[in-house]
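Printed below as a string of structure tokens:
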């Protein structure tokens, strides 16, 4: 078992104290001076490694799955309804605002680079590793900002109080300038970082492969319809970058994990390129935020029926929605023989989970006095069940990422990693970039490698061998691109990709709008279950071009009037 590198977070006050001075000229005992931090290798490592705890993850209540067609947030965490209902403003950004936090992180990266005289005194290879990591994270933070806001100010120095006038006049760089800088930084990080670390104690640190993988993602986004005319980047560049990552992964013993569901619990999966690590002491409560109410959870992630319908049925590239359009059915199980990734990703009624069957159904009963049929009870995970205020409004919850060995709600912490990047994404990046670069054969090959893994994984879930389950894609032209979009939606479900994909493809106003749905499962007196589509939340809205970008927060523009607002949002 490899030793995981858990990043030190006990130096929370460290950053604030660097460069500060005490008016009494007395050295404080509870903070660190710049010289303390940068002349002590252990403190310097802690300074750099705290970055591993700073980027947002899908465990957060601000997760992006709550702001797209994948899910409905049961409790409007971080005002996610603001995004879905199209009411985002520069003062009401919902769960999308990372501006202040990420620029604070960038400031701390800049402090590191301003103290290279100290850093250069660290012995190799640790010196190179630290420079590479800090460069990697600065690129990562900027990529995250650019993907939300478009062009942003490129700041490569830390400001002091005497720099107030300069700070108040920082303008946004163009999208192209930002992308060029991000690509340069990821390349530079890759030059400093190893493909693999020789010491198991370094497990989890960013590698050159991780830097090149993030570069692959940035290039794909920059070449996409939303940005291609501004970025000057091409799909061929994106394809070449993805292929380089694939070759490096295979050369270093990495490959697609045959256990699609299990890899999200296994920090040592051969597929993971970059992740955030946890242990049970420093764990998270994702499992309890999102388990059904009958298990003591909040049912936070309510999967939409539209997302469920994205998982294929045998013999069809896309599922047969006949039962859905009729709205009410008693003679079909809507979840039988779906794409096997469905069973690893979505909890539905009747599935085995943590030692029992999930029970989202409501129950018909006969009133003993009136002999009328009533619905006043239901399964333990329904609105009539345990802690019923936490029931899932769609009668689906998330299964992907769940640790089913956890048993004691809000006591057992989750220790599964958050995966920022894995080889499966790079295969799909390569397929998409190759398609637009004119190489449909390569696009189909890597698309089908992903589907082949899903087929093989699904043997355990299917009631019988179904030869036409997830057949290889043979389409070309527009149909091939539709298949690539579909595969990304299912393969990368809930992994923080869908929100950006529909925007960079510029089709969000088609698939992020209208009334979304859940399902009602009625168990009749004779035991037969009846399925009916129900409305889920309010009608969703997406306004173009406004919602393709997040507005620059007004709290920042009030400090710096030189920041130009994104199109479609009212000025101050």
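Residue numbers (full-length UniProt numbering): 1 to 572.
Ideal Cβ placement from N, Cα and C applies to all residues, glycine included.
Values in this document were obtained by computation on a predicted structure and should not be read as measured data.
*According to DSSP, what are the bridge partners of residue 421?*
Along the chain shown, one-based indexing puts residue 421 at 421. According to DSSP, which records beta bridges pairwise, residue 421 is partnered with 274.
*Within its chain, find whatever has a CB closer than 7 Å to the CB of residue 561; leave out the 5 residues flanking it on each side and keep chain order.*
Taking the first residue of the chain shown as 1, we reach residue 561 at position 561. Once the five neighbours on either side are set aside, residue 561 has no close Cβ partner at all.
*Give the straight-line distance between the Cα atoms of residue 448 and residue 473, rounded to the nearest whole angstrom.*
In the chain shown, residue 448 corresponds to position 448, counting from 1. In the chain shown, residue 473 corresponds to position 473, counting from 1. Taking the straight line from one Cα to the other gives about 6 Å.
*Can you give the Cα-Cα distance for residue 235 and residue 176, rounded to whole angstroms?*
In the chain shown, counting from the first residue as 1, residue 235 sits at position 235. In the chain shown, counting from the first residue as 1, residue 176 sits at position 176. Looking at the two C-alpha atoms, the distance is approximately 15 Å.
*On a CA-only basis, which of 300, 291 and 438 is nearest residue 380? Give me that one, please.*
Counted from its first residue, the chain shown places residue 380 at position 380. Of the listed residues, the one whose Cα sits closest to residue 380 is 291.
*Hey, is the segment 535-544 in contact with the segment 129-138, meaning 3+ C-beta pairs nearer than 8 Å?*
no
_residue 511 beta carbon less than 9 Å from that of residue 69_ = Against the chain shown, residue 69 aligns to sequence position 69. Against the chain shown, residue 511 aligns to sequence position 511. Closer than 9 Å, so yes.
*Where DSSP assigns a beta bridge to residue 647, which residues make up the other side?*
Residue 647 cannot be examined here, being either before or after the span of the chain that is shown, 1 to 572.
*Alpha carbon to alpha carbon, how far is residue 205 from residue 183?*
Within the chain shown, numbered from 1, the residue matching residue 205 stands at position 205. Within the chain shown, numbered from 1, the residue matching residue 183 stands at position 183. For residue 205 and residue 183, the distance between alpha carbons rounds to 20 Å.
*So what's residue 398 in DSSP terms, helix, strand or just coil?*
Numbered from its first residue, the chain shown carries residue 398 at position 398. It is a strand residue.
*Under a CB-based cut-off of 9 Å, is residue 460 close to chain C?*
Judged by its chain identifiers, the structure shown contains no chain C, having just a single protein chain.
*Length-filtered (3 minimum) beta strand (DSSP E) runs lying within the segment 201-289*: 272-276
*Could you tell me whether any non-hydrogen atom of the ligand SAH is closer than 8 Å to the CB of residue 57?*
This structure does not include the ligand SAH; it has no bound ligands of any sort.
_Please tell me whether residue 156 and residue 120 are closer than 9 Å, where the distance is taken between their beta carbons._
Residue numbering aside, residue 156 sits at position 156 when the chain shown is read from its first letter. Residue numbering aside, residue 120 sits at position 120 when the chain shown is read from its first letter. No. Outside cutoff.
*Ordered along the chain, which non-local residues of its own chain (more than five positions away) have a Cβ less than 6 Å from that of residue 546?*
Residue 546 sits at position 546 when you count from the first residue of the chain shown. The residues are 568.
*To the nearest angstrom, report how far apart residue 265 and residue 59 are at their CA atoms.*
Along the chain shown, read from residue 1 onward, the residue named residue 265 stands at position 265. Along the chain shown, read from residue 1 onward, the residue named residue 59 stands at position 59. Cα to Cα, residue 265 sits roughly 13 Å from residue 59.
*asked:* I'd like to confirm the pairing. Which residues does DSSP put opposite residue 73 in its beta bridges?
replied: In the chain shown, counting from the first residue as 1, residue 73 sits at position 73. DSSP lists 301 as partners of residue 73.
*asked:* When you compare the segment 481-489 with the segment 343-360, are there three or more beta-carbon pairs, one atom per stretch, that lie closer than 8 Å?
replied: no
*With 16 as the cutoff for other CB atoms within 10 Å, does residue 373 come out buried or exposed?*
On the chain shown, residue 373 is found 373 positions in, with the first residue counted as 1. Answer is exposed; the Cβ neighbour count stays below 16.
_Can you tell me whether residue 347 is helix, strand or coil according to DSSP?_
Locating residue 347 in the chain shown gives position 347, counting from the first residue. Residue state, collapsed to three classes: strand.
*Just confirm the distance between the C-beta atoms of residue 67 and residue 96, as a whole number of angstroms; I'd bet it's less than 8 Å.*
Reading the chain shown from its first residue, position 67 is the one you call residue 67. Reading the chain shown from its first residue, position 96 is the one you call residue 96. Between residue 96 and residue 67 the Cβ distance is about 7 Å, and since that is below 8 Å, they are a contact.
*Compare the beta carbon distance of residue 574 and residue 340 with 9 Å and say whether it is the shorter of the two.*
Past the edges of the chain, shown from 1 to 572, lies residue 574, and the structure says nothing about it.
_Integer Cβ distance of residue 72 from residue 394, believed to fall under 8 Å_ = As a first step, residue 72 must be located in the chain shown, where it is residue number 72. As a first step, residue 394 must be located in the chain shown, where it is residue number 394. About 6 Å separates the two Cβ atoms, so the contact holds.
*Using beta-carbon positions only, say whether residue 549 and residue 149 come within less than 9 Å of one another.*
By one-based count along the chain shown, residue 549 stands at place 549. By one-based count along the chain shown, residue 149 stands at place 149. Cβ atoms of residue 549 and residue 149: closer than 9 Å.
_Proximity winner among 185, 247, 217 and 421, relative to residue 273 (alpha-carbon distances)_ = Numbered from 1 along the chain shown, position 273 holds the residue referred to as residue 273. Answer by Cα proximity: 421.
*Counting only the same chain and skipping the five closest in sequence on each side, list residues whose C-beta sits under 8 Å from that of residue 29.*
For the purposes of this step, residue 29 is identified with residue 29 of the chain shown, where counting begins at 1. Residue confidence for residue 29 is low, a pLDDT of 49 falling below 50, so the modelled location carries little weight and cannot support an answer.
_Spatial distance of residue 174 from residue 218 (CA atoms)_ = Counting from one through the chain shown, the residue named residue 174 turns up at place 174. Counting from one through the chain shown, the residue named residue 218 turns up at place 218. Taking the straight line from one Cα to the other gives about 15 Å.
*For residue 377, which of 387, 369 and 365 has the nearest alpha-carbon?*
Numbered from 1 along the chain shown, position 377 holds the residue referred to as residue 377. Ranking 387, 369 and 365 by Cα distance to residue 377 puts 365 first.
*Any idea if residue 224 is buried or exposed, counting beta-carbon neighbours within 10 angstroms, 16 or more meaning buried?*
Looking up residue 224 in the chain shown gives position 224. Result: buried.
*asked:* My parser needs the alpha helix (DSSP H) runs of 4 or more residues fully inside the segment 74-115; what are they?
replied: 80-84 and 99-113
*asked:* Quick check on the DSSP output: the alpha helix (DSSP H) that includes residue 510 runs from which residue to which?
replied: Position 510 of the chain shown holds residue 510. Note, residue 510: alpha helix (DSSP H), 508-511.
*Under a three-way DSSP split, which group does residue 24 fall into?*
Within the chain shown, residue 24 is the residue found at index 24, counting from 1. Reliability of the predicted coordinates at residue 24 is poor, the pLDDT of 42 falling under 50, and no value is obtained from them.
_Measuring straight from C-alpha to C-alpha, what distance separates residue 172 and residue 313?_
Locating residue 172 in the chain shown gives position 172, counting from the first residue. Locating residue 313 in the chain shown gives position 313, counting from the first residue. Taking the straight line joining both Cα atoms gives about 47 Å.
_Cβ distance (whole Å) where residue 152 is taken to contact residue 209 below 8 Å_ = Stepping through the chain shown from its first residue, residue 152 is reached at position 152. Stepping through the chain shown from its first residue, residue 209 is reached at position 209. Residue 152 to residue 209, Cβ: 27 Å. No contact.
_Please report the distance separating the alpha-carbon of residue 130 from that of residue 123._
As a working note, residue 130 is residue 130 in the chain shown. As a working note, residue 123 is residue 123 in the chain shown. Roughly 11 Å between the two C-alpha positions.
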